[in-house]
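Student: Using the working numbering, the first residue of the sequence shown is number 18, and each one after it goes up by one.
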Amino acid sequence: MQNRPGRAAAPHRWRTLAAAAAIVAGVAPAAADPALWVARDADSTVWLLGTVHVLETTREWHTAAIDDAFDASDELWLEIDLLNDDSAGFLAMAKHGTSPDRSLTSRLSAAERAKLDRVAAAAGMTVASLEGLRPWLAAVQLTVGLAKGAGLDGPGTDLQLARLAAMRDKPIRAFETGEAQLKLFSSLTDEQELALLRQTLDEAEGGAATLRRLVAAWASGDVDTLETIGDGAIRDSDPGAYEALIVRRNRAFADRIAALMAGSGTAFVAVGAAHLGGPDSVQRLLADKGVATERVE
Numbered sequence: 018m019q020n021r022p023g024r025a026a027a028p029h030r031w032r033t034l035a036a037a038a039a040i041v042a043g044v045a046p047a048a049a050d051p052a053l054w055v056a057r058d059a060d061s062t063v064w065l066l067g068t069v070h071v072l073e074t075t076r077e078w079h080t081a082a083i084d085d086a087f088d089a090s091d092e093l094w095l096e097i098d099l100l101n102d103d104s105a106g107f108l109a110m111a112k113h114g115t116s117p118d119r120s121l122t123s124r125l126s127a128a129e130r131a132k133l134d135r136v137a138a139a140a141g142m143t144v145a146s147l148e149g150l151r152p153w154l155a156a157v158q159l160t161v162g163l164a165k166g167a168g169l170d171g172p173g174t175d176l177q178l179a180r181l182a183a184m185r186d187k188p189i190r191a192f193e194t195g196e197a198q199l200k201l202f203s204s205l206t207d208e209q210e211l212a213l214l215r216q217t218l219d220e221a222e223g224g225a226a227t228l229r230r231l232v233a234a235w236a237s238g239d240v241d242t243l244e245t246i247g248d249g250a251i252r253d254s255d256p257g258a259y260e261a262l263i264v265r266r267n268r269a270f271a272d273r274i275a276a277l278m279a280g281s282g283t284a285f286v287a288v289g290a291a292h293l294g295g296p297d298s299v300q301r302l303l304a305d306k307g308v309a310t311e312r313v314e
């Protein structure tokens, strides 16, 4: 899309493993009908798709409405440019995600250490491999491992869309950089990081029932239930972390989308499904800016 004079074009950006902290809220089984919204004015159209970051390799999730919207769009907007930015590489991960002066287990109670042993084993890793990590990154790694153990080891909808855009020479834009996402997590307080890890451990041990609910919610486009189980849990347990990891990002997404609407053309925006539900959703923030959205699927 073209911005009107006075609006700076957004640079190409990337994504990082940090985004995987929310992937369990995006897990889905055999057939899906993802939620899709649209914002329109006289010369602008922005499609909004809620995505999931991992899927089974056999998952088919495309619908006619999604494909038509993607085909009609001039550019693809993702949380992070999955194909072109390595800003969240090893050095950045070491800077923002490791804790050389304090081991992970030294931060936990005996009961929590025992729980970590069980969850790490279920995730296919050892506690020793997590010892040098900050709690937020340990939570991410455990979440990724648990998802893979559940058979969710295929590319998510965002990566599939990025590859499709590249094949069609459709420009890929992004709201964030990989390192910027790392910084979001590393800016959490010690207690907020531990709360995130504890929530991961708690949900992992009772994960089967939660996973089934998440699967049903995403597959049916039940955004409210998905938000309640996902972001709602963070909002209730740690409002500060919720503000840092969800609300601030949603505000930035809404600001950029409003700028796109002030320009002209058609854009396809694909961000994690949790960002498009709940009281602080991107759509509600857009409404505050005078940009109306309509759910079309």
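C-beta: ideal position from N, C-alpha, C; glycine also.
Keep in mind that this is a model prediction, so the values were computed, not measured.
Measuring alpha carbon to alpha carbon, tell me which residue in Leu218, Arg119, Ser116 and Glu148 is nearest Thr160.
Tutor: For Thr160, the nearest C-alpha among the options comes from Leu218.
Student: In whole angstroms, what separates the C-alpha of Ala145 from that of Leu108?
Tutor: Roughly 21 Å between the two C-alpha positions.
Student: Ends of the beta strand (DSSP E) at Thr283?
Tutor: Counting along the chain, the beta strand (DSSP E) containing Thr283 begins and ends at Gly282 to Gly289.
Student: I need the straight-line Cα distance from Ser281 to Leu302, nearest angstrom please.
Tutor: When rounded, the distance between both Cα atoms is 20 Å.
Student: Among the residues of its own chain, which have a CB less than 7 Å from the CB of Leu125, if the five just before and after it don't count?
Tutor: So the qualifying residues of the chain are Leu133.
Student: Tell me whether Gly171 sits in a helix, a strand or coil according to DSSP, three-state version.
Tutor: Three-state DSSP puts Gly171 in a strand.
Student: Any idea what DSSP makes of Gly106, helix, strand or coil?
Tutor: Correct three-state label for Gly106: coil.
Student: Specify the secondary structure class of Ala56 as computed by DSSP and reduced to three states.
Tutor: Note: Ala56 maps to strand in three-state DSSP.
Student: Report the three-state DSSP secondary structure of Ser61 (helix, strand or coil).
Tutor: Reduced to three states, the DSSP call for Ser61 is strand.
Student: Can you pull the DSSP bridge partners for Gly67?
Tutor: According to DSSP, which records beta bridges pairwise, Gly67 is partnered with Val288.
Student: At the level of alpha carbons, what is the spacing between Ala197 and Asp102?
Tutor: Between Ala197 and Asp102, the C-alpha separation is close to 12 Å.
Student: Between which two residues does the alpha helix (DSSP H) carrying Leu159 extend?
Tutor: Looking at the DSSP string, the run of the alpha helix (DSSP H) that includes Leu159 is Pro152 to Gly166.
Student: Relative to the C-alpha of Lys187, which candidate in Gly307, Val288, Arg76 and Ala89 has its C-alpha closest?
Tutor: Checking every option, the nearest Cα to that of Lys187 belongs to Ala89.
Student: By DSSP, does Arg301 sit in helix, in strand, or in coil?
Tutor: Correct three-state label for Arg301: helix.
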